[in-house]
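Read through the structure below, which is laid out as C-alpha cells, and then see the notes.
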Amino acid sequence: MKTRIGVFVCRCGNNIGGVIDVPNVLEDVRSISNVVLAEEFMYACSEDSLSTLKERIKEHGLNRVVVAACTPRTHEPLFKRCCEEAGLNRYLFEFVNIREQCAWIHAHEKAKATKKAAGLVRMGVGKAFLLKPREDIEIDITPSAMIIGGGVSGITSALNLARQGFEVHLVERSDHLGGVASDFKTWFPDREGDRKLSHLVRSIECDENITVYLSSKIKDCSGNLGAFTVVIQDGDKERTVVVGTIVIATGAGVLKPHGLYGYGELSNVMTQMEYDNLSKRRKEKYKKVVMINCVGTRVTERPYCSQVCCMIAIKNAISVKESNPQAAVHILHRDILVYGTAEEYYRYAMELGIGFSRYTIEAPPQILGEGSGDTVRYYDETAGKDIDISCDLVVLSTPLVAQEENESMAKLFKVPISEERFFLEAHQKLRPVEFATDGIYICGSARWPVDIRESIAQGYAAAAKAAIPMHRGRVFFEAITASCDEKNCSGCGSCIEVCPYNAVDYKDLEEDRKVVEVNQVKCKGCGCCVSACKNGAMQQHGFSDYQLLSMIEMMA
Amino acid sequence: MDNREKGVERKIITRDDLSKWLEKIKGHFDLYAPVRSTVVNFGKIERVDKICLDFMNTFLPPKVLFFPQTEELFSYARDSEGIEVKRAEDLIKERVLFGIRPCDARALSILDMVFGGEIQDSHYIEKRRNTVLIGIGCTESLNTCFCSTFGIDPLSGEGTDIFLIDNGGYFTIKEVNTQRGRSLIDLGNTFIKTEKVDHREEAGSVTVPINIASITGNMEKVQEDFWNNTSDPCLSCGICTYVCPTCHCFDVEDEEKKNGGVRFRTWDFCMSKDFARMASGENPRISKGERYRHRYFHKFDYFPKKYAVVGCVGCGRCISYCPVNMDIRKVLERIRENIQK
Amino acid sequence: MIKVMLQKKLQDRVKELLQNGTVSLFIGYEQGPGFVYVSPCFVRDESGAERLVLNQFCSNNLAGYIHEYNAYNRRIGICVKGCDARALVELVKQNQITREDLFVVGVPCTGRIDISKLREEYGPKLEEIKGISETERSFLLETVRGTKEIYKEKIVFDKCLSCTHPEGFEYDILLDELKIPEFGSADPVQKRVEEMESLSTAEKNEVWCSYLSQCILCRACQKACYACYCPECIFDKAYPRWFSKISTTAQKRLYHLIRAYHLAGRCVDCGECERACPAGIPLRLLNKKIEKETKKLFNNREAGINQEGVLPLNTFDIDDPDFFL
Amino acid sequence: MEKKEQRVDRGTEQFSPKILVFACNWCSYAAADLAGVSRLEVPSDFRIIRVMCSARVRPEFVIYAFSRGFDGVFILGCHPGECHYSEGNYYTRRRVLLLKETLQFMGIESERFQLRWVSASEGAKFAGTMKRLIEGIRDLGPRNIDT
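Chains as they are written, first to last, in this note's numbering: chain A, 35 to 590; chain B, 890 to 1230; chain C, 2 to 326; chain D, 4 to 150.
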C-alpha cells in the first residue's frame, strides 16, 4: 500500500503563526513525495480541529499523520488518541515541535524560524514515512501504593488510597507522623491544629490497609508503573516491597538562618516554627514582638518566594496579640503575600493593631543588644529615616527549603528536580502532581512550598492520580522497546552487557547459532543496546536507525 | 643477453626532451600520466616533473579514466510541477593518456566491445573518443605478468595512438598508428630526432604464457566442489575486480538531496555477497564458491562466447594485490586439470 | 633446517588429526605464486596435509576464517602464531566460537617477513628467493644468486617489533616452544601516531585526504579482519543505507572511521588490514590511536591478552574523564 | 560532484552552520521546551532529534552526519547520575570521548562534536549552551565536505 502522509501545521493562534510563515511551510512540505495533504489549523488541539483531522484521515486515506505544533511531551497522547479514533494505528503518528523549540526560541529571526520549521517538518515526514504500526505493551498493576513521607500531604494520600481499598506502605524517616505540621501549634487559616493532626494520625494507625514504617528510609527502587520494587531500610533491617505506584510526599525543610539577624547568637531570636513549637509547649507572654519576614529568601542564593511565611507570620502575630492584647507586635516585611481568603486575616491583624512596616533589602533591619536583642532598627522608606523598635522577642520568617535528600531521591526514582532542588512535576499546569515517569506522583511541599490547605488538596490529587492505573488493573506502555533481528545478530553480546535492565539475553537457535532476545516487558526503551550493536541487528521501535538516519538525511 | 640491433634508423626522443614534449602537449590537452604516491596511479598532470617513468604498471588500470569508480549519470530536480532530469556533462576537452602498457591497451579494446557494442554507453564512448593514448612498451616484466597467454606482445602498440619504447636514456617512437597520434608527434617535432640507434625489439624477460586453449568453452565441465575448495582462502574483497583492467560491472545508486538528487554509477564487484542479491532478497550466488565460479566464467567462458575474446589480458594485478596471494594462473591450471579428469 | 622439521611435524600432526577425526578442517598455509608468497590453505583430508608449509613468510592471521567456516565444521584445526592467538581469545570472549570447537596448533615465530619491506631491501625480483633459514639476528635468503643475509628487524612486520602474546592461552598442541622474539628497535607505529597527533587538524586532514585518495573502497581491510563477523555488515545494508559505493572522500572517511570505531577494544593489532590494503594506506595508525586512547582514558587493556574483561565501550566508570564537557 | 555549499547569510554576512542536535527526552529535550516557554533567544542554526536517552545516539550517526556535510553535532543528555535509565549517559560519555579523539585524529575538529549535560529545569542553560556551542562552530567555519 502506498504511503500517504498527511501533514497538519498548527498556528497555535499567534504563538506559532506570529513567527512562522505557515503557508510557506506547507508549500515546502507539499513538494515531498508521499505527502498527499498539507493543511493548517488555528488550534490543532481544539475539539473541531481534532474532528477535522479525523475526517481528513478517512477522506484522504492517510496512513501516516504528522502534526507540527507544540511539544510532544504534553500533546502527543491527544493526537495519538485522535488518530486511533480515526482508525489509524497510534504509532503511525509523528509529532513535530515547532512552538517551544522553534517559534518561541527563534522569535527574533522570523525568516530563519520559518526555514527551520519547514526543515523540522521535513524531518518529521522523513521519520513518519518509516513508522510501523505497533500495539502498546500491557502490564498488570500491583494494587498497592507506597507513600514516601508521613507529613500532612502524605497522610492524606495514604488515607485516601487506603479507603479506596489499596494496600498502602507509608514510609517516614522520623519516629513520628505529622511532619512539619506537628511543629505548629495552630494551622492556618482556622487556627486549629493539634486536634486535627492527631485525628489524622489515629486514622492512619487504625487503617488495616496501611503499613507504617517509621524511622525508615528508601534504599533502592527499581521497576516501573505496575511493579516497582522498593527496598526500605530501617536501621540494619531491610524490607523489600513491590508496589504499583509511588507518591513522593517528602515535604520541605525550614531554613535555619544561621548568621542572619543574630540567629543562634541572641537568645530571643528564633524562627516562626520555633516560636510556634515553643508556644505549643508553654505559655509565653512576650510584650514586644518584632517579626522579620523574607529572611534568607528572595535573595540571590534563594530567589524564590516561599509563599507561606507571610501567612505564618500573621497567624503567629495574631496569636500573640490575642493571648496578650497589650503586646506590641510588629511585622517588618518586604511585601506581604496573602492570597485568596488569607487577605481577611491580614485585615484582621491590622485591626488588632499589629504594625506592618516595610523594610528594604538594601538596608535590612539590625538587631541591637548583647546576649539578647532589645531593639530592632530598620530604615523606613516612607519616613526616610532609621526607626528603632524595642523588643523582647524577634521572630524570623524563614522560607521552606528543599530537603537535602531530594537530590539522592531524584536519582533513586529517576525524576527531575528544579534548580531550587524541589521536585519538578511533568507539567506545571497540565500534569501538576505527576512526574514524567509513569507511576510516580508528587504532592505537598516536596514540589514547592505550600500551606496545609494545598498540601491536603495535593495529597488527594496525587492519590486520585495514583488510583487511576491501580483501578484499571493494567497499564499500557508505549511500545518503544528494542528488539533484535535474529537474522543479523552476530551474538557478540554487547547489548547484554550494556542493558541497564537486564532485559536482553541469549537465545539458542536451532542452527547452532546464538542470538539475543529482548524481554519486551523488562525493556524500558532507552536504546543503549541499539547503539552498542555494531551492525544494527538491534533496533528500537520508533527510534530505529532507519528512522533517525532518514531524519538526518532530510536535514542534510 | 643483448638483443640489440646495431645501427637502425629510428625516431627517438631523449628523456629530457620527452618532458618538454609532454609540457607542450599539456598546453593543448589535459594530460594524464602515472604519478607515484603510496602507489603508482594515473593522475591528471599539473607538473610534468611529477610524472613517474620508472613504473612497471599502475595500481589501478587505465579504465579509471573512461569508466571511473564513481560517475555521475544525471541529476534530477523535483518541484510541484514534476521532475526535471539533467544529463551529466561529459568530457569535452580532449586529453592525452601517457604511459599505457600493451596489456591495458588490449583491455581498453575489450571494454570498447562492452560499452560500445550493441548498447552504446555514451559516457564511456565520449571519454574514449576524446582521449589519445601514448603507450610504452614493456622491456621488463614482473613475475606476475602473463600477457603472452593472450597473444599480447609487450612491445607492440596495438590499440594505441603512439607507442614508445624506453631505452634508458631515450625513448624510441616505435609506432604512430593514427592521425591523432601524428598530430601529437607534430607538436613534438623539434624534440624528436631521427638517429641510428641500438634498438631493442624484444622484451627483457618474456612473460610466461599458460595454456588456456582447453579451458575456454569447457568450463562447464568443472565440478561444483572445485569452486568451493578453490575459493576457500578468498576474502570476498573487491581488490581483484577493482584492479582488473577489463572488469566493468557497476552498480547504480541515487544520492537523494532536498527535492532532487544525483544518479551515479559505481564500480561493483562480483565477489561481494550482495552483488547478485535481488530486491526480493533472493540471491542466486549466495556462497563464495558460486561467486568465484561466476568470476572465472565471466572472463573465460561468457566473454569468449559473446565477444570471441578472453576477458583477461594477463596484467597480473589481481595476483600482485591479492591479500591472500591467490594466483589466477594456478587456478587456471587447476581448472585445466579438472577438465581433463 | 629447523623450519623444515617443523613443517614436517605440522604435516604429520595434521594428517593424524584428520585421520582420527579430531578435526574436519584444518586451516594452515600453502605455497602461493612464488616461494615468498604464501596462501591460506584449507585441508579437509589427510592427503592434503602435504600442501602445508610453514616458514617465515606465513604471515596471515588465519583466525579471520573461523567465523565463516565454523558453521559448517564440527571442529576446526587452526595454526596460529602467538599473536594470532589473541584473535582467538577475543573470538571466544565475543561468543563467536567455543574454545572446544577449535583445535589450536601453536607455531613458533621469530618475526614474519613483510614483503613490501623485503622488496625494498632485496629489490623487486623476489621470485629469485627459493629458500630461507635464520640465525639469531638475521634471515638467510637462499636465492638463485647465492645466500643473502638480511637483519631481521629490517624486514619483519612493524607489529613483530613489539610482539605480544595472550596470557595463559592453552594451545592444544605446540609445535615448539613459543617465545616472544626480541628486536633491537621498537614498533614505529606508536611514534607515527604521536607524529600524527602533533599535526594541526588541517594538516591531519590533508594527510588523511592523501591516503584516502588512494582508497578504492575494496574493503579488503575489513574482510581480512578477524573481528568482521556480523552476518550482514552495516555497510552492506540497503535499509538504512549507511554507506554507498559512491567513492568520495567523505564516504571513504565514513567507512574508515566506522570500521576503526567498531574495532575499539577488539583490535588485536594483527595488522591484517594494513597488509591487505592494496593501496598501501597505513591503517594500523588509526587502530593504534584508538587502542592508545582506550588505554589512556578508560584504563583498558589491549584486546586479546586476557580471557576476562568487557569491551571498553560496553562498560563505564562513574569517574570516567569528563574534561571535554 | 561535491561542492562546498555556500551557507553564508547574505544580509549579515554571517555563516549559518548546519548543526545536528540529539536531545534526550527526559532532560535536555524538556530543557529546550523550557527555553521556549521562557521565551529565551537561541540562534536557529540547529535541529533537534529527540531520542529517549543520549545513549541511543550511536556514534555512527555522528560520523554519518559529518560525511553528509554537517558542520557540528551536539549530544545533550541528563547530568551524570540523573539518567532516566540510570546509566545511559555514562555510556554516552565514553563513546563521545573516544569518538572525539578519533575524529580529531582523522582531521575533523573535535570541537565540532560536543556533549553537554542539561537537565529538565535548565532552560537557561540550554539556551546559553547552544549559543556558545554554535558560536564555536561559527568560529571554526564551514566544513569542506569533500576534504
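C-beta atoms are modelled at their ideal positions from N, C-alpha and C, and glycine is treated no differently.
Continuous alpha helix (DSSP H) stretch holding residue i: start and end
i	result
A:V63	V56 to R64
C:T250	T250 to H263
A:F163	First-last for A:F163: undefined, no H or E at that position.
D:R98	G91 to F108
A:A196	V186 to R197
Contact check, residue i vs residue j, beta carbons under 8 Å
i	j	result
A:R45	A:F75	yes
B:G1127	B:S1161	yes
B:L986	B:R1154	no
A:V303	A:G293	no
A:G493	A:G473	no
D:R119	D:F77	yes
B:F1039	B:L1000	no
For residue j and residue i, the rounded distance between their alpha carbons
i	j	result
A:T245	A:S178	11 Å
C:L326	C:C268	28 Å
A:G418	C:F324	54 Å
A:S249	A:A283	15 Å
A:N327	A:I365	7 Å
B:G1046	B:L1073	16 Å
A:G212	A:T432	20 Å
A:D217	C:N301	55 Å
B:F948	C:E121	17 Å
A:E453	A:E468	18 Å
B:P991	B:G1200	15 Å
B:D943	C:C234	40 Å
B:N892	B:T1028	In this prediction, B:N892 scores a pLDDT of 48, lower than 50, which makes its location untrustworthy; no coordinate-derived value is stated.
A:T334	A:E415	22 Å
D:R13	A:C560	Low local confidence applies: a pLDDT of 48 at D:R13 is under 50, so the model's placement there is unreliable, and no value is given.
Partner residues on chain C for residue i, Cβ-Cβ distance less than 7 Å
i	result
D:P62	Y262
Per-residue contacts from residue i into chain D (C-beta, under 8 Å)
i	result
A:Q574	M55 and R59
C:P109	Neighbours of C:P109 on chain D: none; closest Cβ ~36 Å, over 8 Å.
Residue i - partner residues in DSSP beta bridges
i	result
B:P923	B:F931
A:D420	A:Y413
C:P41	C:Y30
A:L71	A:G40
A:M14	Chain A is shown only over 35 to 590; residue 14 of chain A falls outside these bounds and no answer can be derived.
C:L141	C:S134 and C:E150
A:T263	A:S256 and A:V276
Chain-ordered chain D contacts of residue i [CB-CB under 7 Å]
i	result
C:A265	L101
N- and C-terminal bounds of the beta strand (DSSP E) containing residue i
i	result
B:W1156	G1149 to W1156
C:A280	That residue, C:A280, is in no beta strand (DSSP E); it is neither H nor E in DSSP.
A:S391	G389 to R392
Contact list for residue i against chain A, beta-carbon separation under 9 Å
i	result
C:Q95	S524, G525, C526, G527 and S528
C:N301	Near C:N301 there are no residues of chain A at all, since even the closest Cβ is about 14 Å away, more than 9 Å.
Neighbouring residues, chain B, relative to residue i (Cβ below 7 Å)
i	result
C:Q215	S926, T927 and V928
Residue i: contacting residues in chain A (beta-carbon distance under 8 Å)
i	result
D:E85	A444, K445, K448 and P450
D:L23	I586 and M589
Amino acids of chain A, ordered along the chain, whose beta-carbon sits closer than 7 Å to that of residue i
i	result
D:W120	Ordered by position in chain A, no residue passes the 7 Å Cβ test against D:W120, which lies about 13 Å from the chain.
D:S203	With chain D represented from 4 up to 150, any question about residue 203 of chain D goes unanswered, as that position is not in the structure.
Interface flag, residue i vs chain F, CB-CB below 8 Å
i	result
A:P534	Of the protein chains in this structure, namely A, B, C and D, none is chain F.
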